[in-house]
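S.K.:
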Amino acid sequence: MLPITETEPFAPPRETANLLLDIAILQLRCGAHTERVNRNVKRFAHALGYEPELFFSFSGVTLTLQNQQHTITLFRRVETHGIKLSVLVGVSRLSWRALEERLSIDEIREEVYRLKESPAYPFPLIVVLVSLACASLARLFGADALVMVTTAVATMAALVTRQTLQQWGFNIFLVIACSAFTAVAISGLGVHLEIGKSPHLAIATSVLFLVPGAPLINAVIDQINGHILVGVARGIMGTVIAFAIALGMLVALNMQGLGQP
112 MLPITETEPF APPRETANLL LDIAILQLRC GAHTERVNRN VKRFAHALGY EPELFFSFSG
172 VTLTLQNQQH TITLFRRVET HGIKLSVLVG VSRLSWRALE ERLSIDEIRE EVYRLKESPA
232 YPFPLIVVLV SLACASLARL FGADALVMVT TAVATMAALV TRQTLQQWGF NIFLVIACSA
292 FTAVAISGLG VHLEIGKSPH LAIATSVLFL VPGAPLINAV IDQINGHILV GVARGIMGTV
352 IAFAIALGML VALNMQGLGQ P
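Quick look at the structure:
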């Protein structure tokens, strides 16, 4: 355990607790595994003169903050779960700076706000790069140029579908199922029209961007580190996402008559 500072804390306990919860929620929203969040929050707390205790669930974080004068407990919900690795790297580096350089709470808050407001990649760029990635995977499985084009087009349509439904506030599992349906519906046309030598490869590879890699990896890491409840919840979420992908594919294949042997 890292030693906490023996000086008077730089900020009132409630202000510090709110900042630490902001940091914890930010990391969970950006795809961090639980132990990483725990370590980083403890560094910030020690730098500000407090000893933290954290309890994690899939939907929120409970923080108890204490020193020789104060004890406070707060809870904060995790509204969304996504992936933004640049934020995770920035928070980890900032936690070490805060501990080693004794940054004030205002300096930490300013840096956290900068990380929180850092721009994401433009959606058109994401569409192009993810489509190229799926087309490249099709190539690795033996697809020719025409099948690669079919894969890219199907992936683009699925990405636009996912983005649109998310903006409209649909349930995440319904969004995944509809995105998989869109990808397979378009790539399945390549099978009917006999586009390329192995058009069925487009069906398999155009949905790979939907595979829940991060939740499943984090589920294993959480289990290893003893965060059983969060690990099980993440594993279940990854499984349900995989089921939603399969459901969307099944509906599209059956509608096109491709689901029968």
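In the numbering used here, the protein residues as written are 112 to 372. Ideal Cβ positions, reconstructed from N, Cα and C, are used throughout, including at glycine. Bear in mind the structure is a predicted one, so any value in this text is a computation, not a measurement.
Considering Cα atoms alone, identify which of Val241, His144, Arg225, Gln177 is closest to Val343.
M.R.: Here residue 343 is taken as the residue at index 232 of the sequence shown, counted from 1. Comparing Cα-Cα distances from Val343 to each of Val241, His144, Arg225, Gln177, the minimum goes to His144.
S.K.: Three-state secondary structure (DSSP) at Gln177?
M.R.: In the sequence shown, counting from the first residue as 1, residue 177 sits at position 66. Gln177: strand per DSSP, three-state reduction.
S.K.: Just mark Val172 as buried or exposed, buried being the case when its beta carbon has 16 or more other beta carbons within 10 Å.
M.R.: Within the sequence shown, residue 172 is the residue found at index 61, counting from 1. Buried, because 16 or more other Cβ atoms sit within 10 Å of the Cβ of Val172.
S.K.: If we count the other Cβ atoms within 10 Å of its Cβ and call it buried at 16 or more, is Val295 buried or exposed?
M.R.: Start at 1 with the first residue of the sequence shown, and residue 295 comes out as number 184. Buried, because 16 or more other Cβ atoms sit within 10 Å of the Cβ of Val295.
S.K.: So, at 7 Å on beta carbons, what are the nonlocal neighbours of Asn149 in its own chain, with the 5 sequence-adjacent residues on each side left out?
M.R.: On the sequence shown, residue 149 is found 38 positions in, with the first residue counted as 1. Counting only Cβ-Cβ distances below 7 Å, and skipping sequence neighbours, we find Leu165.
S.K.: Based on the DSSP output, what are the partners of Val172 in its beta bridges?
M.R.: Taking the first residue of the sequence shown as position 1, residue 172 is located at position 61. Partner(s): Phe167, Arg187.
S.K.: Of the choices Ala355, Ser215, Ile136, whose alpha-carbon is the least far from that of Ile194?
M.R.: Taking the first residue of the sequence shown as 1, we reach residue 194 at position 83. Ranking Ala355, Ser215, Ile136 by Cα distance to Ile194 puts Ile136 first.
S.K.: Express the C-alpha separation of Thr261 and Ser298 in angstroms, rounding to a whole number.
M.R.: Taking the sequence shown and counting its residues from 1, one reaches residue 298 at position 187. Taking the sequence shown and counting its residues from 1, one reaches residue 261 at position 150. Approximately 6 Å between the Cα atoms of the pair.
S.K.: Glu218 by DSSP, collapsed to three states: which one?
M.R.: Here residue 218 corresponds to residue number 107 of the sequence shown, with the count starting at 1. Reduced to three states, the DSSP call for Glu218 is helix.
S.K.: Classify Ala291 as buried or exposed, calling it buried when 16 or more other Cβ atoms lie within 10 Å of its own Cβ.
M.R.: On the sequence shown, residue 291 is found 180 positions in, with the first residue counted as 1. Looking at its Cβ environment, which holds 16 or more other Cβ atoms inside 10 Å, Ala291 is buried.
S.K.: Exposed or buried, which one is Glu119 when buried takes at least 16 other CB atoms within 10 Å?
M.R.: The residue labelled residue 119 in the question sits at position 8 within the sequence shown. Model confidence at Glu119 stands at a pLDDT of 49, short of 50, so the residue's coordinates are unreliable and nothing is read from them.
S.K.: Tell me the rounded alpha-carbon separation between Val373 and Phe167.
M.R.: The question about residue 373 has no answer here: the residues shown for the chain are numbered 112 through 372.
S.K.: I'd like to check one pair, Gln278 with Val286: are the Cβ atoms closer than 8 Å?
M.R.: Counting from 1 along the sequence shown, the entry for residue 286 is found at position 175. Counting from 1 along the sequence shown, the entry for residue 278 is found at position 167. No; because the gap between Cβ atoms is not below 8 Å, this pair is not in contact.
S.K.: Rounded to whole angstroms, how far is the Cβ of Gly359 from the Cβ of Ala288, which I believe are closer than 8 Å?
M.R.: Start at 1 with the first residue of the sequence shown, and residue 359 comes out as number 248. Start at 1 with the first residue of the sequence shown, and residue 288 comes out as number 177. Correct: roughly 4 Å between the Cβ atoms.
S.K.: Can you tell me the Cβ-Cβ gap for Thr293 and Ala256, rounded? I've got them flagged as a contact below 8 Å.
M.R.: On the sequence shown, residue 293 is found 182 positions in, with the first residue counted as 1. On the sequence shown, residue 256 is found 145 positions in, with the first residue counted as 1. Not really, about 23 Å apart at Cβ, beyond 8 Å.
S.K.: Could you check the C-alpha separation between Gly337 and Asn151 for me, to the nearest Å?
M.R.: Here residue 337 refers to the residue found at position 226 of the sequence shown. Here residue 151 refers to the residue found at position 40 of the sequence shown. If you take the alpha carbons of Gly337 and Asn151, they lie about 17 Å apart.
S.K.: Return the CA-CA distance between Leu185 and Asn178, expressed in angstroms with no decimal places.
M.R.: Counting from 1 along the sequence shown, the entry for residue 185 is found at position 74. Counting from 1 along the sequence shown, the entry for residue 178 is found at position 67. Approximately 15 Å, taken between the alpha carbons.
S.K.: How many angstroms separate the CA atom of Val302 from the CA atom of Phe354?
M.R.: Sequence index remark: in the sequence shown, residue 302 carries index 191 (1-based). Sequence index remark: in the sequence shown, residue 354 carries index 243 (1-based). Computed Cα separation, rounded: 24 Å.
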